[in-house]
Structure formats: structure tokens, C-alpha cells
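Enquirer: Take a look at this one; I'll ask things after.
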Amino acid sequence: MSLSQDIKHKTIELGFDLLGVTDASPIDAEQAEIFAEWLKSGFAGQMDYMHKNLQKRLDPSKLLENAQSVIVVGLNYTPPKHKPKPPDTAAPTGKVAGYAQYEDYHSFIKERLRKLVDFIKSLAGAGFKSKICVDSAPLAERALAVRAGLGFIGKNHMLINPELGCRLFLGEIITDLKLPPGEPIAGDCSGCRKCLDACPTGALRADGQFDAGRCINYLTIEYKGQIPPGPAEKIGDRLFGCDECVVACPYQKNAPACRNKQFKFYRDRAQIDLQEVLSLDAESFEAEFAESPIKRLGLEGLKRNARICLANITRSA
Ligand code: B12
Ligand code: SF4
Ligand code: SF4
């Protein structure tokens, strides 16, 4: 077996669903242009870090000296079909986006990518360099995933794999090993606009741009301070994140559930009792959300969101 095939087998054994390789050249000029336009239009909102390290973000070889290849993995996080706990009608609840019903994916994926690097070292020798990236590194992950053949970009701006749908986390190993690159795969959205119609805020713009400042993920997770009344109303009963443009996508309809049994899923976290959130103290928040992506938002942020949800629920009653 070739090194590439060995890596592929190990990736699946580690519980990832997709693997692709691309060379470490800068992302295509067309995509760099989309990125520059996005920043110029102010669509990054308060996410100032998106304006920093731009050259690195567009060129993986700026993150690792003499980089030759980028190994891109995908982890399917489609929640398992299960009967949620019957709601207690007296208690108003807030919705939690699918990804946050799992343990935090950053550490989960990084740990497994470290194992993949160790495995490659056992075959290719320890003399190669590598850098692991999951979300937080300045790297255009979706653009690289397209080039590595994991899927295509939909009108919902997600990387979509025709078989697995769009609920896929991405992770990368940039390396100075030269590996054979993959080919982009076909797929398209023609004739469909379900995600645009499902978006409650207009973050998915008709001109194809993504106004992150309007996205409920941004508002409930990234936005610092009090959320202005207009956008706050659009949040509805979404306590943490939003899934509408993902759930509406036909590619997601028959997507298989996450097959990685080690990726901890909290069965009762799709809806959270809002009064319970307001009664949490620092200690109980830490105990409840220690391993969850919700931890990063912090207790005060979660309470801010709970108050918004309660006000919206009361208004619409
Ligand atoms: C900032 C950020 C956000 C922001 C802004 C999102 C956005 N659409 O830009 C907010 C907080 C809103 C957000 C939300 C979410 N995020 Co986010 N986020 C990121 C982050 C850190 C940077 C994204 C970025 O660079 N945005 C700027 C725009 C311009 O870049 P882009 O969307 O990647 O687009 C590039 C290409 O796709 C291409 N492109 C853009 N539009 C088009 C259109 C066409 C037709 C084509 C061909 C190409 C193309 O050009 C761009 C430049 O290369 C990445 C991690 C990373 N380092 O890349 C994760 C990431 C994109 N997020 C991810 C996830 C899972 C989410 C959420 C689903 C979370 C949730 N609720 O469950 C939502 C989805 C919202 C959505 N519909 O996009 C995953 C996406 C995986 C996937 N399958 O696509 C990533 C890759 C993290 C990861 N490692 O898994 N996120
Ligand atoms: S996550 Fe929600 S608010 Fe953000 S673009 Fe998708 S549907 Fe719109
Ligand atoms: S909902 Fe339709 S238009 Fe939107 S990403 Fe999915 S296939 Fe494309």
C-alpha cells in the first residue's frame, strides 16, 4: 500500500469520515477575491481577528516553512435520530445548534490529528514537519477542503459533501511531505434556494455574500455586549447558534448520522430550560458545560441570550 492509502485507512480508523489532500499553494485568486470583498464590506462584524494574518489565511505555506501539502479531514456531526425528552410545557426552552450538542470539536479533532501525525511518522520517519489546524488558525479551511475534493460550497456557504451533507467539521495537517493531491468534486445548488428562504435574518444575501453580522451564530456566540433590539428579535428562541440554513438543505435530508461513537453527544441538549440557565452560578455552569462549545461563550453571555429568548417567547405568546 502507498503512504497515501495508509493515511486514508488510518484516518477512517480514527473515526473521521472524509480525507483529501491538496498542495500547499495559495488559495485560488477567485476565492481570495471573495474573502477580500467580504472584509471590505464589513461582513466580519466584531470579529477583528478575521482582518489579521490575511496573508497566512490565504496561503498555507505562510503557516509552515517549506509546506508542500495540506491533509484535510472531515468529521460528520449530523445528530443521531432520537426521541428528545418530552418538553415540560410550563418551562420555556431555548434551542441549541446541532454542533453544540456534542463535546467541543476543536480538542476532539486535534487529538486525533496528533495521532495521525504520529502514525505518519511511524511510516515516513520523524523527519518531517507538520502543523495541525482546527478552526482557530488563520487558514481558509473551506477553500482548501474544496481543492482537496471533500465537497463543494453551497449557497448556505457550507462545504457540502454530496453523500454526507453539510454537517461536517474540518481539520487540517499542513506538512512538508509531498503527497499526491486530490481533485475537486462536482455538486451544485442550481434551481434551489431553500437555505436563503430558511434564513431568519438575511445573513445569506441574495448577491451570494454572507453578512456574518446578521447571522444568529455570530450574534449569540461571537457578539460582545448587549445585542440591539432589531437583531435580538430575530434570534427568536435560539439560545446558542442557529441551524436553519443547514437543516433546510436537501443534501442534509438523507445524510447519515455521526458514526463516531467517541464523539460525545448530549441527548438532551437540543432544548435548554431558560429559567434554569438564569439560575446557574459560575460553579454549576462549569460543571454543566465544561466539555461543551457553550463554555467559550461564558455564563454571562448565555444568560444574555436566555433573557432575549424569554422576551421573544413572551412577545410571541
Ligand atoms: C468566522 C467563522 C464563522 C462566522 C462567519 C461564517 C462565514 N460564513 O463566513 C460565524 C460565526 C457566523 C460562523 C458560523 C458557522 N460556522 Co464557522 N467558521 C468561521 C471560520 C473561523 C472562518 C470562516 C471565514 O473565513 N469566513 C469568511 C468567508 C469569506 O470565508 P468562507 O466562508 O470560508 O468562504 C471561502 C470559500 O468557501 C469561498 N467561497 C465563499 N463563498 C463562496 C461561494 C461560492 C459559490 C464558491 C464557489 C466559493 C465561495 O471563498 C471564501 C474564501 O476562501 C471557519 C474556520 C476557518 N478557519 O476557516 C469556521 C467554519 C467555516 N465554521 C464552521 C461551522 C460548522 C459553522 C456553523 C455551522 C456553526 C453552527 N451553528 O453549527 C455556522 C454556519 C454558518 C454558515 N452558513 O456559514 C465550519 C464549516 C464546515 C463546513 N462544512 O463548511 C468551519 C470550517 C470550522 C471547522 N473547522 O469545521 N462561522
Ligand atoms: S446559521 Fe441561521 S442566521 Fe446564520 S446564515 Fe444560517 S440560517 Fe441564517
Ligand atoms: S439549500 Fe439548496 S441552495 Fe442552499 S446549499 Fe442546499 S442545495 Fe444549495
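Per our numbering, the very first residue in the sequence shown carries number 25; after that it's consecutive.
Idealized CB from N, CA, C, for every residue including glycine.
1) What does the alpha-carbon distance come out to for the pair V271 and L203?
2) For the candidate residues E54, V45, E165, G39, whose alpha-carbon lies nearest to that of G369?
3) Less than 7 Å between the beta carbons of L342 and A121, yes or no?
4) Excluding the 5 residues flanking V158 on each side, which residues of the same chain have their C-beta closer than 6 Å to its C-beta?
5) Ordered along the chain, which non-local residues of its own chain (more than five positions away) have a Cβ less than 6 Å from that of R262?
6) Any chance you could list the alpha helix (DSSP H) runs of at least 4 consecutive residues sitting entirely within the stretch 46-72, in chain order?
7) Taking G325 as part of the alpha helix (DSSP H), name the residues at either end of that continuous run.
8) Which first and last residues belong to the beta strand (DSSP E) in which G195 is found?
9) Taking only the alpha-carbon atoms, compute the straight-line gap between C353 and I251 and give it to the nearest angstrom.
10) Return the residue from the list S308, A294, G322, L298 that minimises the CA-CA distance to H106.
11) From which residue to which residue does the alpha helix (DSSP H) around K218 run?
12) Are the beta-carbon atoms belonging to F40 and L99 less than 7 Å from one another?
13) Name the DSSP beta bridge partners of C157, please?
14) How big is the Cα-Cα spacing for R291 and S214?
15) In chain order, what residues of the same chain lie with their CB nearer than 6 Å to the CB of N284, ignoring the 5 residues before and after it?
16) For a test of the three-state rule: what should DSSP assign to F287, helix, strand or coil?
17) So, for A256: in the same chain, excluding its five sequence neighbours on each side, which residues have a beta-carbon less than 6 Å away from its beta-carbon?
18) Which residue wins for smallest C-alpha separation from K327, given the options A341, S340, L298, A314?
19) Using 7 Å as the threshold, is the C-beta distance between I198 and V94 below it?
20) Do F289 and Y123 have their beta-carbon atoms positioned less than 7 Å apart in this structure?
21) Looking at C-alpha atoms only, which residue of A281, E307, L228, G254 is the closest neighbour of E268?
22) Could you check what DSSP says for R262 in three-state terms: helix, strand or coil?
23) Considering only their Cβ atoms, is the gap separating R238 from G254 smaller than 7 Å?
24) Measure how close the beta-carbons of A150 and L201 come, nearest whole angstrom, since I'm counting them as under 8 Å.
25) Closer than 6 Å by C-beta to D235: which residues in its own chain qualify, once you throw out the five before and the five after it? Chain order, please.
26) Below 7 Å CB to CB, which residues in the same chain sit around C216 once its five sequence neighbours on both sides are set aside?
27) Tell me the rounded alpha-carbon separation between L163 and K80.
28) Three-state secondary structure (DSSP) at N100?
29) Can you grab the Cα-Cα spacing for the pair K139 / Q92, in whole Å?
30) When we look at the beta-carbon of K248 and count the other beta-carbons within 10 Å, is it buried (16 or more) or exposed?
31) Can you tell me whether A48 sits near ligand 1, meaning its C-beta is under 6 Å from at least one heavy atom of the ligand?
32) Does any heavy atom of ligand 1 sit closer than 6 Å to the C-beta of Q79?
33) Tell me which residue opens and which closes the alpha helix (DSSP H) that T35 is part of.
34) Go through the residues and name those whose CB comes closer than 5 Å to any heavy atom of ligand 3, in chain order.
Expert: The short version:
1) Walking along the sequence shown from the start, residue 271 turns up at place 247. Walking along the sequence shown from the start, residue 203 turns up at place 179. Our two residues, V271 and L203, have alpha carbons roughly 35 Å apart in a direct line.
2) Nothing about residue 369 can be read from this structure; the chain reaches only from 25 to 341.
3) There is no way to answer for residue 342, as the model of the chain reaches only from 25 to 341.
4) To locate residue 158, count along the sequence shown from 1; it is residue 134. Cβ neighbours of V158 beyond the five flanking positions: H130, I133, K134, G195.
5) Counted from its first residue, the sequence shown places residue 262 at position 238. K119, I240, listed in sequence order.
6) 53-64, all fully within the stretch 46-72.
7) Counting from one through the sequence shown, the residue named residue 325 turns up at place 301. G325: member of the alpha helix (DSSP H) spanning 323-340, first to last residue.
8) In the sequence shown, counting from the first residue as 1, residue 195 sits at position 171. For G195, the enclosing beta strand (DSSP E) starts and ends at 192-199.
9) Because residue 353 is not part of the residues shown, which for the chain are 25 to 341, the question remains open.
10) Taking the first residue of the sequence shown as position 1, residue 106 is located at position 82. Selected option, being the one with the closest Cα: A294.
11) If you number the sequence shown from 1, residue 218 lands on position 194. 218-222 is the extent of the alpha helix (DSSP H) around K218.
12) Along the sequence shown, read from residue 1 onward, the residue named residue 40 stands at position 16. Along the sequence shown, read from residue 1 onward, the residue named residue 99 stands at position 75. Going by C-beta atoms, F40 is nearer than 7 Å to L99.
13) Residue 157 sits at position 133 when you count from the first residue of the sequence shown. Residue pairing of C157 in beta bridges, as defined by DSSP: E196.
14) As a first step, residue 291 is located in the sequence shown; it is residue number 267 there, counting from the start. As a first step, residue 214 is located in the sequence shown; it is residue number 190 there, counting from the start. One alpha carbon belongs to R291, the other to S214, and they sit about 35 Å apart.
15) Here residue 284 is taken as the residue at index 260 of the sequence shown, counted from 1. Listed in chain order, the non-local C-beta contacts of N284 below 6 Å within the same chain comprise G39, local neighbours out to five positions each way being set aside.
16) Sequence index remark: in the sequence shown, residue 287 carries index 263 (1-based). In the three-state reduction of the DSSP assignment, F287 falls in the coil class, being assigned neither a helical nor a strand state.
17) The residue you call residue 256 lines up with position 232 of the sequence shown. The answer, listed in chain order, is I332.
18) For the purposes of this step, residue 327 is taken as residue 303 along the sequence shown, with counting starting at 1. Considering only alpha carbons, the answer is L298.
19) Within the sequence shown, residue 198 is the residue found at index 174, counting from 1. Within the sequence shown, residue 94 is the residue found at index 70, counting from 1. Going by C-beta atoms, I198 is nearer than 7 Å to V94.
20) What you label residue 123 is simply residue 99 of the sequence shown in a count that begins at 1. What you label residue 289 is simply residue 265 of the sequence shown in a count that begins at 1. Going by C-beta atoms, Y123 is not nearer than 7 Å to F289.
21) Here residue 268 refers to the residue found at position 244 when the sequence shown is read from its first residue. Minimum Cα distance to E268 is reached at L228.
22) Taking the sequence shown and counting its residues from 1, the one referred to as residue 262 is at position 238. Strand.
23) Taking the first residue of the sequence shown as position 1, residue 254 is located at position 230. Taking the first residue of the sequence shown as position 1, residue 238 is located at position 214. In this structure, R238 does not lie closer than 7 Å to G254 by Cβ.
24) Sequence index remark: in the sequence shown, residue 150 carries index 126 (1-based). Sequence index remark: in the sequence shown, residue 201 carries index 177 (1-based). In this structure A150 does not touch L201 by the C-beta definition: roughly 12 Å separates them, more than the 8 Å allowed.
25) Counting from one through the sequence shown, the residue named residue 235 turns up at place 211. Cβ within range, chain order: F67, A227, R229.
26) By 1-based counting over the sequence shown, the position of residue 216 is 192. Excluding sequence neighbours, C216 sits near P274.
27) Here residue 163 is taken as the residue at index 139 of the sequence shown, counted from 1. Here residue 80 is taken as the residue at index 56 of the sequence shown, counted from 1. Going from the Cα of L163 to the Cα of K80 covers about 7 Å.
28) The count along the sequence shown starts at 1 and reaches residue 100 at position 76. N100 falls in the strand class under three-state DSSP.
29) For the purposes of this step, residue 139 is identified with residue 115 of the sequence shown, where counting begins at 1. For the purposes of this step, residue 92 is identified with residue 68 of the sequence shown, where counting begins at 1. The straight-line gap from Cα to Cα measures roughly 20 Å.
30) Counted from its first residue, the sequence shown places residue 248 at position 224. Flag for K248 reads exposed.
31) As a working mapping, residue 48 is identified with position 24 in the sequence shown. No, the Cβ of A48 stays beyond 6 Å of every heavy atom of ligand 1.
32) Within the sequence shown, numbered from 1, the residue matching residue 79 stands at position 55. No, the Cβ of Q79 stays beyond 6 Å of every heavy atom of ligand 1.
33) Translated into the one-based positions of the sequence shown, residue 35 becomes position 11. First-last of the alpha helix (DSSP H) with T35: 27-37.
34) Working through the chain, the matches are G178, K179, N180, C213, C216, K218, C219, C273.
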